[in-house]
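Peer 1: Here it is, the structure, as structure tokens.
In my numbering, the protein residues as written are 2 to 296.
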């Protein structure tokens, strides 16, 4: 009897040990399963926090305050580019039309006074050149005529330079926007990506769904920078060519005025200087040639 009792006790202990080991293995498996599910759950929770609408407007609203400031600045720069484009297009269209019309009117004109009457009250660069020539003649009325052309040419050069400066108004803004906008957008991108990596370290997960929105927002800043820069460069080059063409018309106007001035001086000198005289004061004829002939 004692031997049977000992065998039964030993068998009971063995079964108990096996059951305990089985329970331990089941518990370890459950823990491993829970540990494997936690990252998945964390990733799912992180993914659930990602906005489903990744449109440009939603990315702008979700961006960092500094990235938002960069985007707003680039948007304003783009607006300024198109404003300059519209304003300069209208300006050059009006200037070219007026100057071409004025040049056609003085094609067959021989006197400065006749050209002034032909142009009337219209204000353009040709009118300014004719006024400068007539003013120089009046200022030189008591001087020899041989220096009038040089002094008038100096006045013409100042008028042409002033017209060139006026035509280039706004061009500097286009050049600035075209050159710095990509770098401003790149700054916003670098800042946004830096914030994305900081978010990775805080969330302690490498799930792409966590960092994708921040990277997309950062890249949006670069995209807006290019949208602002590319049209600015194209428009700047366009207006450079337009300005060159318009300044050729201005040069033609300066040459036409100089020729009329030279003819006026030669006619005035031959009309006023008798034989044996050195020179006579020069005058501006205030009437067209027909009126002079009638006199």
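From the three backbone atoms N, C-alpha and C, an ideal C-beta is built for every residue, glycine too.
For the alpha helix (DSSP H) containing residue 159, list its first residue and its last residue.
Peer 2: First-last of the alpha helix (DSSP H) with residue 159: 149-168.
Peer 1: When the Cα atoms are used, what is the spatial distance from residue 253 to residue 260?
Peer 2: If you take the alpha carbons of residue 253 and residue 260, they lie about 11 Å apart.
Peer 1: With distances taken Cα to Cα, identify the nearest neighbour of residue 264 among 67, 180, 61, 109.
Peer 2: Among 67, 180, 61, 109, the Cα nearest to that of residue 264 is on 109.
Peer 1: Which residue's Cα is closest to the Cα of residue 249: 126, 186, 182, 171?
Peer 2: Cα-wise, what sits closest to residue 249 is 126.
Peer 1: Which of helix, strand or coil does DSSP assign to residue 249?
Peer 2: Note: residue 249 maps to helix in three-state DSSP.
Peer 1: Within the same chain, show all residues whose beta-carbon is closer than 7 Å to that of residue 82, passing over the 5 residues directly before and after it, in chain order.
Peer 2: Excluding sequence neighbours, residue 82 sits near 175, 178, 229, 232, 233, 236.
Peer 1: Please determine if the segment 147-157 and the segment 184-194 are in contact, where contact requires at least 3 C-beta pairs separated by less than 8 Å.
Peer 2: No: the two stretches stay apart, fewer than three of their Cβ pairs being nearer than 8 Å.
Peer 1: Give the secondary structure of residue 125 by DSSP, where H, G and I count as helix, E and B as strand, and everything else as coil.
Peer 2: Coil, per DSSP.
Peer 1: With a CB to CB cut of under 6 Å and the five nearest residues on each side skipped, what residues in its chain are close to residue 262?
Peer 2: Around residue 262: 134, 153.
Peer 1: Beta-carbon within less than 7 Å of residue 169's beta-carbon, same chain only, minus the 5 sequence neighbours each way: which residues are those?
Peer 2: Taken in chain order, the residues that qualify are 244.
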